[in-house]
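In terms of the working numbering, the sequence shown is residues 57 to 269.
See below for the structure under consideration.
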Amino acid sequence: MTGGLYILNDFGSVQIDENWKNYGFKQLIPLSVHVAAGSNFTANTYSVSVAGEAILIAPVTSNLAVTVLRTEYVGGVWTFYLLIMRQFILSFDEFETAQIYVFDIIPPAPFSNVGLEVFNALGERTFHSDMNPLKARAVLPGSVGFGGPSDRVYAPLALTHTRHFDPISGIQYWGLRRSGSTIFPTQYNIPGGGFFGVSVNDGLYAAVDVTGL
57 MTGGLYILND FGSVQIDENW KNYGFKQLIP LSVHVAAGSN FTANTYSVSV AGEAILIAPV
117 TSNLAVTVLR TEYVGGVWTF YLLIMRQFIL SFDEFETAQI YVFDIIPPAP FSNVGLEVFN
177 ALGERTFHSD MNPLKARAVL PGSVGFGGPS DRVYAPLALT HTRHFDPISG IQYWGLRRSG
237 STIFPTQYNI PGGGFFGVSV NDGLYAAVDV TGL
């Protein structure tokens, strides 16, 4: 655009203008998960469905690890299929409550009539200072961990899924788990051969600040 409102972040990138809608925190969904005793080839799949305009999720686990296998969109509802995997070979089942941070573009929350409010040319709200905006600290491959300041809490926001085909190792996925301000990658293997060549896709995730959400 040639004129209007620009708000830049610390990196000089446009953070807010009237032409596109900002992402904000929508809700937190607890999800009870478990993986049975066994090897590090043991995992379960779960699904999370959320109604919204353009949903993104940041699934958080601390003992088990998680990756997003695929996403479906039907009738205004987004469904995310998660692979929950163990890190180690253990002789007992692992249970955990995963926390699913959900973000949407300018969530339809009741906003006050004070503060900064931005609309586009169609009269659609694109930003309100009451919302908790999505704050991405870094964008990384799924095989790379992240460490932030110790006084902040981070979650891995899924951007693209991971998959690695190898003729010897089989299918491999990178899952992520969190401990405080640190995000750790975990590799999950589905044994077996029969693949020709090697195809590597570590995927991408964003480390987002969820302190206080």
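Backbone N, C-alpha and C fix where the C-beta goes; we use that ideal spot for every residue, glycine too.
Nothing here was measured: the structure is a model prediction, and the numbers come from that model.
Query                                                                                                                                                                        : Result
Going by C-alpha distance, which of A177, L260, P115 and V200 is nearest K77?                                                                                                : A177
I want to know whether the region 110-125 touches the region 168-185 - three or more CB-CB distances under 8 Å.                                                              : no
In three-state DSSP terms, what is D207?                                                                                                                                     : coil
Just reading off the beta strand (DSSP E) that D160 is part of, what are its end residues?                                                                                   : E150 to I161
In its own chain, which residues sit with a C-beta less than 7 Å from the C-beta of A54, not counting the 5 before and 5 after it?                                           : Any question about residue 54 goes unanswered here, given that the chain covers just 57 to 269.
Taking all protein chains shown into account, do 16 or more other C-beta atoms lie within 10 angstroms of the C-beta of P212, making it buried, or fewer, making it exposed? : buried
Nearest to V133 by alpha carbon, out of A110, M141 and A121?                                                                                                                 : A110
In chain order, what residues of the same chain have a beta carbon less than 8 Å from the beta carbon of T58, not counting five sequence neighbours either side?             : At T58 the pLDDT is 48, less than 50, meaning the model places this residue with poor confidence; the figure from the coordinates comes in the next sentence. If we look at T58 and ignore the five residues flanking it on each side, it has no Cβ neighbours.
Taking the C-alpha atoms as reference points, what is the distance between Y129 and N257?                                                                                    : 23 Å
Short check: CB of G201 to CB of T218, under 8 Å?                                                                                                                            : no
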